[in-house]
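Residue numbers (the numbering used here): 121 to 362. All C-beta atoms, glycine included, are put in the ideal place defined by N, C-alpha and C. Structure, as structure tokens:
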Amino acid sequence: MSFALILPTLNEIYGLRATVPRLDRGLFERIVVVDGGSTDGTVAYAREQGLEVIFQEGRELNNAQRTAFLQVGSAYVIMFSPDGNCIPELLPRLCALLAEGNHDMVIVSRYLDGARSDDDDLLTGFGNGMFTGIINLLFRSRFTDTLSIFRGYRSEAIRAMNLPEIARESRLRAAMPLLNSWEVASCLRAPRLGLRCGEIAGDEPARIGGIRKMGIVRNGLATVGAILLDFFFYWPHTEPQN
């Protein structure tokens, strides 16, 4: 059973310095840094540490994830933000749960069993809770955190949800990349596909250096749009898995 760790970066030199030494490299057959055009030494540092570096095609996080996913052939893929928000010491537990073979997606939830986010402010905390509640209501799911990047997927599930090609599903999606968040789309599509989802609790420390890439208003509006698109137009015919 093989795992790949994908680290999307855009000027995350300080976060990389704090997190890379704590990675358990023995868990993964490939650790891939997919860079979006860093100018702060991120790429040089990653290479100094012996990490594989590739460069994303297109803009936004979903294109970084697509670029990396299409280059790795592992059975399972872990998405990990190296900006300090994700705790490397949770990776063994996440991989172990996926390795049991009973889950297609496992999210490291910032709001499960007493976990907390030190990166949330009042607005982002409210938004996370609101969007998760709406998704659970409309898609009959039971997530506690639908927006966290820190999660693991079975690669076959990524393909089943059409995440790598989601931008090609319509002209609207092609024109508005923010509609194509893997985090949101996977929480919308997994329930309708009958995929097996789980969560583990994990704190979210504050960002280390750099600047937040997310625009709160534009990402919030894009999340609303993504929810509406899938609610009305995504009705797969796949039977739920046992």
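query: Euclidean distance between Cα positions of W355 and G221; result: 26 Å
query: Neighbourhood of L258 by C-beta distance below 8 Å, restricted to the same chain and skipping five residues each side; result: I347 and F351
query: Three-state class that DSSP yields for L127 in the structure shown; result: strand
query: I207 - DSSP class collapsed to helix/strand/coil; result: coil
query: Whole-Å CB distance - T252 paired with T266, under 8 Å assumed; result: 5 Å
query: Through-space distance from E289 to F353, alpha-carbon basis; result: 11 Å
query: Rounded C-alpha distance that separates M199 from I174; result: 15 Å
query: M199 - containing beta strand (DSSP E), residue span; result: Y196 to M199
query: Helix, strand or coil at F237 [DSSP, three-state]; result: Per the sequence shown, the amino acid found at residue 237 is Ser instead of Phe. Correct three-state label for S237: strand.
query: Local conformation of I328 per DSSP, three classes; result: coil
query: Own chain residues within Cβ distance below 7 Å of H223, not counting five before or after; result: L217, R316, C317 and G318
query: 4-residue-minimum alpha helix (DSSP H) runs that sit fully inside the segment 220–274, ordered along the chain; result: 242–259
query: Where P360 falls: helix, strand or coil (DSSP); result: Its pLDDT being 42, under 50, P360 is placed unreliably by the model, and the measurement read from it follows with that caveat. In the structure shown, P360 sits in coil (DSSP, three-state: anything other than H, G, I, E or B).
query: Whole-angstrom distance between S201 and Q176, CA atom to CA atom; result: 15 Å
query: Cβ contact (3+ pairs, closer than 8 Å) linking the segment 226–246 and the segment 284–298; result: no
query: Those runs of the alpha helix (DSSP H) which lie wholly inside the segment 273–312 and span at least 4 residues; result: 275–280 and 291–295
query: Per-residue DSSP class, three states only, for D155; result: strand
query: Other residues of its chain near S158: CB distance less than 8 Å, five sequence neighbours each side excluded; result: T129, L130, N131, E132 and I133
query: A164 versus G314: straight-line alpha-carbon distance, rounded; result: 42 Å
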